[in-house]
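Peer 1: Below: one structure in structure tokens.
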Ligand SMILES: [Zn+2]
Ligand SMILES: [Zn+2]
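Numbering (the numbering used here), first residue to last: 93 to 406.
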């Protein structure tokens with residue numbers, strides 16, 4: 093009962109905040125000549141030696157600017173973490189990264205449960221040579237004691253932010269979630285020369301419809317691609333408590349008995365088709381095999397598989 097009352101309060105707060113956030117369109121956002129996304133952490137891989145988990149960390153190379161989107165889950169608190177293991181395997185140095193972009197403050201994106209609780213992040217549960225780079229977050233984020241850099245500036249904003257010419261944070265979009273509470277989530281929007289905007293999303297709690305709408309308001313550019321998590325644990329999830337599909341229950345702002353369903357998936361597919369996106373890639377970290385199958389059927393040759401270790405070149 094308490095959790096349902098809280099959901100209703102959070103839902104009201106999120107609706108008000110969404111309505112209040114009106115942003116002008118960005119004049120001359122700039123472009124990047126190339127874009128690639130290398131999933132360092134996600135749920136599936138075909139690469140021997142690569143580790144997987146129900147979390148997200150993507151290395152995004154936008155022209156000569158490299159941004160790391162989120163830092164994975166590290167559920168077992170390992171050092172080296174699955175993220176560090178995979179970075180080493182793929183020949184990626186932390187020093188190659190120009191910025192860290194945190195989509196939202198959930199455990200599978202901040203590097204663990206304790207990190208979520210204390211609003212910090214960690215790449216591994218041991219010392220990491222983290223460079224003095226900017227860290228973008230929709231909410232205040234305390235540098236972790238053991239693997240961030242005190243010289244890093246945490247740039248906190250719920251509004252749109254430019255990371256580099258052509259590379260933006262969309263600004264966060266709030267949504268209430270059952271048990272998980274009021275959630276602010278932002279996505280990356282990258283303007284690729286001659287193609288248009290590519291949206292790279294962490295968990296997708298905002299709903300993809302609202303991310304598309306935000307991108308259209310901000311940029312007035314064609315949407316070329318949508319890559320990442322959209323949270324569709326329908327007919328199966330990645331975090332189960334026995335028979336209970338936790339992701340389906342805690343990932344919605346509806347009543348807990350009315351969880352994320354087939355219609356939600358089909359509505360999202362419809363909205364993505366309407367947006368004109370020509371490259372679609374769905375993260376398996378918070379979506380089921382069934383949902384991925386629906387996306388594959390709907391987008392055919394425009395669908396790209398998302399596997400740890402396999403670069404998606406735009
Ligand atoms: Zn997630
Ligand atoms: Zn999340």
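We put the CB at the ideal spot given by N, CA and C, even for glycine.
Computed from a predicted model, the values in this text were never measured in an experiment.
1) So what does residue 227 bridge to, in DSSP terms?
2) Give the single residue among 364, 344, 354 and 336 whose Cα lies nearest to the Cα of residue 316.
3) In the DSSP assignment, find the unbroken beta strand (DSSP E) run with residue 279 in it and report its ends.
4) Please determine if the region 257-272 and the region 337-346 are in contact, where contact requires at least 3 C-beta pairs separated by less than 8 Å.
5) Hey, would you say residue 227 sits closer than 9 Å to residue 247, going by beta carbons?
6) Just to confirm my understanding: we take residue 197, look at its own chain, exclude 5 residues before and 5 after, and list those with CB closer than 7 Å. What are they?
7) I want to know whether the region 256-266 touches the region 121-130 - three or more CB-CB distances under 8 Å.
8) Tell me whether residue 97 is buried or exposed, calling it buried when 16 or more other Cβ atoms sit within 10 Å of its Cβ.
9) What are the partner residues of residue 214, as DSSP defines its beta bridges?
10) Kindly identify the DSSP beta-bridge partner or partners of residue 400.
11) Give the list of continuous alpha helix (DSSP H) stretches no shorter than 4 residues that lie fully inside the region 252-332.
12) What is the rounded straight-line gap between the Cα of residue 380 and the Cα of residue 186?
13) So what does DSSP say about residue 144, is it helix, strand or coil?
14) Output yes or no for whether 9 Å exceeds the beta carbon distance between residue 115 and residue 252.
15) In the DSSP assignment, find the beta strand (DSSP E) that holds residue 149 and state where it starts and stops.
16) Considering only C-alpha positions, which residue in the set 368, 215, 320 and 358 is nearest to residue 308?
Peer 2: Judging by the given coordinates:
1) Position 135 of the chain shown, counting from 1, holds the residue named residue 227. Looking at the DSSP assignment, residue 227 forms a beta bridge with 192 and 246.
2) As a first step, residue 316 is located in the chain shown; it is residue number 224 there, counting from the start. Residue 316 has its Cα closest to that of 364, out of 364, 344, 354 and 336.
3) Counted from its first residue, the chain shown places residue 279 at position 187. Membership of residue 279 in any beta strand (DSSP E) is not indicated, and neither H nor E is assigned to it by DSSP.
4) With the cut-off at 8 Å, the region 257-272 and the region 337-346 touch.
5) To locate residue 227, count along the chain shown from 1; it is residue 135. To locate residue 247, count along the chain shown from 1; it is residue 155. With respect to residue 247, residue 227 sits close: the two C-beta atoms are nearer than 9 Å.
6) Numbered from 1 along the chain shown, position 105 holds the residue referred to as residue 197. Hits under 7 Å: 208, 211 and 231.
7) Contact holds: three or more Cβ-Cβ distances are below 8 Å.
8) Within the chain shown, residue 97 is the residue found at index 5, counting from 1. That one is exposed.
9) Within the chain shown, residue 214 is the residue found at index 122, counting from 1. According to DSSP, residue 214 shares a beta bridge with no other residue.
10) Here residue 400 corresponds to residue number 308 of the chain shown, with the count starting at 1. Paired residue(s): 137.
11) Complete alpha helix (DSSP H) runs here, min 4: 300-311.
12) Working through the chain shown from its first residue, we reach residue 380 at position 288. Working through the chain shown from its first residue, we reach residue 186 at position 94. Straight-line Cα distance between these residues: approximately 31 Å.
13) Here residue 144 is taken as the residue at index 52 of the chain shown, counted from 1. Residue 144 falls in the coil class under three-state DSSP.
14) By one-based count along the chain shown, residue 115 stands at place 23. By one-based count along the chain shown, residue 252 stands at place 160. Cβ distance < 9 Å, so residue 115 and residue 252 count as in contact.
15) Reading the chain shown from its first residue, position 57 is the one you call residue 149. Looking at the DSSP string, the run of the beta strand (DSSP E) that includes residue 149 is 149-154.
16) In the chain shown, the residue the question calls residue 308 occupies position 216. The residue among 368, 215, 320 and 358 with its C-alpha nearest the C-alpha of residue 308 is 368.
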